[in-house]
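Enquirer:
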Amino acid sequence: MVNYKDLGLVNSREMFKKAMEGKYAIAAFNFNNMEQMQAIISAAVECKSPVILQVSSGARKYANQTILRYMAQGAVEYAKELGLNIPIVLHLDHGDSFELCKSCIDMGFSSVMIDGSHLSYDENVALTRKVVDYAHQFDVTVEGELGVLAGVEDEVSAEHHTYTRPEEVEDFVSKTGVDSLAISIGTSHGANKFKPEQCTRNADGVLVPPPLRFDILKEIEKRIPGFPIVLHGSSSVPQDKVAIINKYGGALKDAIGIPEDQLREAAKSAVCKINIDSDGRLAMTAAIREVFALKPAEFDPRKYLGPARDSLKELYKHKLVNVLGSANTVK
Ligand SMILES: O=C(CO)COP(=O)(O)O
Ligand SMILES: O=C[C@H](O)COP(=O)(O)O
Ligand SMILES: [Zn+2]
Ligand SMILES: [Zn+2]
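Per our numbering, the sequence shown starts with residue 29, numbered consecutively.
#1: A321: which of K275, E225 and Y149 sits nearest, CA to CA?
#2: Are G86 and N113 close, meaning C-beta to C-beta below 9 Å?
#3: What did DSSP end up calling M29 once you bin it into helix, strand or coil?
#4: In whole angstroms, give me the CA-to-CA distance for I213 and A325.
#5: Under 8 Å: does the beta carbon of K221 sit that close to some heavy atom of ligand 1?
#6: Looking only at C-alpha atoms, which of Q82, L81, L209 and L96 sits nearest to G144?
#7: Just to confirm before moving on: does the CB-CB distance between I316 and L259 stay below 9 Å?
#8: Taking 8 Å as the cut-off, is the C-beta of S263 nearer than that to any heavy atom in ligand 1?
#9: Less than 9 Å between the beta carbons of A103 and L81, yes or no?
#10: Anyone know if the C-beta pair for L35 and Q101 falls short of 9 Å?
#11: Just to confirm before moving on: does the CB-CB distance between I133 and G172 stay below 9 Å?
#12: If you draw a straight line from the alpha carbon of A355 to that of G261, how long is it in whole angstroms?
#13: How about I248 and I211: do their beta carbons lie closer than 9 Å?
#14: Out of curiosity, what's the CA-to-CA distance linking T357 and T156?
#15: Sorry if obvious, but does the Cβ on L177 come closer than 8 Å to a heavy atom of ligand 3?
#16: Have a look at K296, Y191, V168 and I252 and flag the residue whose alpha-carbon is nearest the alpha-carbon of G50.
#17: Cβ of H164 versus every heavy atom of ligand 3: is any distance shorter than 8 Å?
#18: Please list the terminal residues of the continuous beta strand (DSSP E) segment that includes C300.
#19: By a C-beta neighbour count over all protein chains shown, 10 Å radius and 16 as the cutoff for buried, is H164 buried or exposed?
#20: Determine the contact status of V79 and I69, defining contact as a CB-CB distance below 9 Å.
#21: Report all residues from its chain with a CB closer than 7 Å to the CB of V206; omit the five preceding and five following residues, and keep chain order.
#22: Near M135, which residues of its chain fall below 6 Å by C-beta distance, leaving aside the five closest residues on each side in sequence?
#23: By DSSP, does D182 sit in helix, in strand, or in coil?
#24: From the DSSP output, read off the bridge partner residues of G172.
#25: Let me know the secondary structure DSSP gives T215 once reduced to three states.
#26: What span of residues does the beta strand (DSSP E) with A283 cover, start to end?
#27: Taking just the CA atoms, how far does S138 sit from D150?
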């Protein structure tokens with residue numbers, strides 16, 4: 029048994045409280061390897077921002093949960109070495125069982141998500157409550173979810189959005205005791221968030237996605253005032269990265285994300301945590317493809333993972349400074 033407090037990590041409670049008061053959001057960036065972790069931490073330190081290191085089920089399979097936990101522990105030391113002791117949360121993304129959440133809590137995660145959104149309402153409440161009861165003994169914070177994102181939610185695939193029903197949130201929050209709530213208002217995972225036929229085109233012929241359902245968010249805020257809300261599937265799918273990938277042999281078709289203006293607006297509301305994974309994947313892939321295309325004689329992984337890490341760091345800094353607004357909140 030390891031408690032996150034002994035590793036220098038923090039839970040999300042204080043972070044979300046400040047984000048709510050300061051009208052900004054905390055970035056939760058997914059990581060699977062050293063370069064991603066370094067890019068996240070160095071960006072957050074330079075921006076004087078708190079940050080959430082997020083571990084998905086795919087990351088656990090790819091990199092191993094224990095290794096990722098040690099990397100997060102290393103991240104705390106790394107931040108100090110870079111010159112600022114920023115608050116860092118180690119969070120389990122889309123936990124799908126009590127056992128998985130327990131194993132993360134027992135090995136030093138400071139926050140977990142239990143995603144019961146695909147279950148019946150009553151089953152979701154019961155599972156989430158069970159995780160909260162365990163987690164709170166160790167002061168670990170818990171994110172629950174109501175509503176299903178379109179596309180692929182880990183192994184759970186949903187054909188259509190099932191938007192969060194505002195009339196359920198009060199009951200869910202009070203029965204489960206969760207610390208934050210992920211909702212569905214039109215975002216989805218991956219780099220193809222909308223089909224072209226769902227979009228309109230602007231004067232330049234560029235696809236414009238349908239707006240997020242801010243009306244649902246407002247209704248939720250009214251029913252649970254001051255309660256931290258989480259937005260999954262919040263990559264913006266930068267078109268310059270998509271263009272570089274396709275220029276150098278990639279085949280991304282109709283890639284489209286959530287416009288940054290809408291995330292900026294969300295960050296000012298009760299949305300305290302915004303999840304971004306796909307944008308980092310695009311930044312890394314674009315940088316690596318470019319090196320492969322322009323320097324075909326390179327075979328030292330550091331010669332392409334290095335530029336990928338630099339590009340990731342720039343992307344993360346942009347998110348913290350220009351989109352989520354969490355920069356300069358750590359003294
Ligand atoms: O929600 C996410 C992780 O839980 C990531 O969403 P994106 O695929 O939009 O980056
Ligand atoms: O929630 C989805 C995340 O973007 C990560 O998914 P993953 O399991 O492929 O790492
Ligand atoms: Zn879900
Ligand atoms: Zn997600």
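C-beta atoms are modelled at their ideal positions from N, C-alpha and C, and glycine is treated no differently.
Expert: Taking the definition as stated:
#1: Residue numbering aside, residue 321 sits at position 293 when the sequence shown is read from its first letter. Nearest option by C-alpha distance: K275.
#2: Numbered from 1 along the sequence shown, position 58 holds the residue referred to as residue 86. Numbered from 1 along the sequence shown, position 85 holds the residue referred to as residue 113. Contact: no.
#3: Taking the sequence shown and counting its residues from 1, one reaches residue 29 at position 1. DSSP places M29 in coil when its eight states are reduced to three.
#4: The residue labelled residue 213 in the question sits at position 185 within the sequence shown. The residue labelled residue 325 in the question sits at position 297 within the sequence shown. Rounded to whole angstroms, I213 to A325 spans 47 Å at the Cα level.
#5: Counting from one through the sequence shown, the residue named residue 221 turns up at place 193. Flag set: Cβ of K221 near ligand 1.
#6: Working through the sequence shown from its first residue, we reach residue 144 at position 116. Minimum Cα distance to G144 is reached at L209.
#7: Walking along the sequence shown from the start, residue 316 turns up at place 288. Walking along the sequence shown from the start, residue 259 turns up at place 231. Their beta carbons are not under 9 Å apart, which means I316 does not touch L259 by this criterion.
#8: The residue labelled residue 263 in the question sits at position 235 within the sequence shown. Within the cutoff, so yes.
#9: Here residue 103 corresponds to residue number 75 of the sequence shown, with the count starting at 1. Here residue 81 corresponds to residue number 53 of the sequence shown, with the count starting at 1. For A103 and L81, yes; Cβs fall inside 9 Å.
#10: Sequence index remark: in the sequence shown, residue 35 carries index 7 (1-based). Sequence index remark: in the sequence shown, residue 101 carries index 73 (1-based). Result yes, Cβ atoms of L35 and Q101 sit closer than 9 Å.
#11: For the purposes of this step, residue 133 is taken as the residue at position 105 of the sequence shown. For the purposes of this step, residue 172 is taken as the residue at position 144 of the sequence shown. It is not a contact, given that the beta carbons lie outside the stated cut-off.
#12: Position 327 of the sequence shown, counted from the first residue, corresponds to residue 355. Position 233 of the sequence shown, counted from the first residue, corresponds to residue 261. Linking A355 to G261 through their CA atoms gives a straight-line distance of about 21 Å.
#13: Here residue 248 refers to the residue found at position 220 of the sequence shown. Here residue 211 refers to the residue found at position 183 of the sequence shown. When the beta-carbon positions are compared, I248 and I211 come within less than 9 Å of each other.
#14: The count along the sequence shown starts at 1 and reaches residue 357 at position 329. The count along the sequence shown starts at 1 and reaches residue 156 at position 128. Taking the straight line joining both Cα atoms gives about 31 Å.
#15: Position 149 of the sequence shown, counting from 1, holds the residue named residue 177. Yes, ligand 3 has a heavy atom inside 8 Å of this Cβ.
#16: For the purposes of this step, residue 50 is taken as residue 22 along the sequence shown, with counting starting at 1. Measuring from the Cα of G50, the nearest candidate turns out to be K296.
#17: Counted from its first residue, the sequence shown places residue 164 at position 136. The answer is no for H164.
#18: Within the sequence shown, residue 300 is the residue found at index 272, counting from 1. V299 to I304 is the extent of the beta strand (DSSP E) around C300.
#19: Residue numbering aside, residue 164 sits at position 136 when the sequence shown is read from its first letter. Using a 10 angstroms sphere on the CB of H164, the tally of other CB atoms stays under 16, which defines it as exposed.
#20: In the sequence shown, residue 79 corresponds to position 51, counting from 1. In the sequence shown, residue 69 corresponds to position 41, counting from 1. Cβ atoms of V79 and I69: closer than 9 Å.
#21: Counting from 1 along the sequence shown, the entry for residue 206 is found at position 178. Closer than 7 Å at Cβ, skipping near neighbours: T156, V160, V170, E171 and G172.
#22: Counted from its first residue, the sequence shown places residue 135 at position 107. Excluding residues within five positions, the ones whose Cβ falls inside 6 Å are V30 and R97.
#23: As a first step, residue 182 is located in the sequence shown; it is residue number 154 there, counting from the start. A caution first: D182 carries a pLDDT of 39, below 50, which makes its placement in the model unreliable, though a value can still be read off. Reduced to three states, the DSSP call for D182 is coil.
#24: For the purposes of this step, residue 172 is taken as residue 144 along the sequence shown, with counting starting at 1. DSSP output for G172 lists L209 as bridge partner(s).
#25: Translated into the one-based positions of the sequence shown, residue 215 becomes position 187. In this structure, T215 counts as coil in the three-state DSSP scheme.
#26: Numbered from 1 along the sequence shown, position 255 holds the residue referred to as residue 283. No beta strand (DSSP E) contains A283, which DSSP labels as neither H nor E.
#27: Along the sequence shown, one-based indexing puts residue 150 at 122. Along the sequence shown, one-based indexing puts residue 138 at 110. So the alpha carbons of these two residues sit roughly 26 Å apart.
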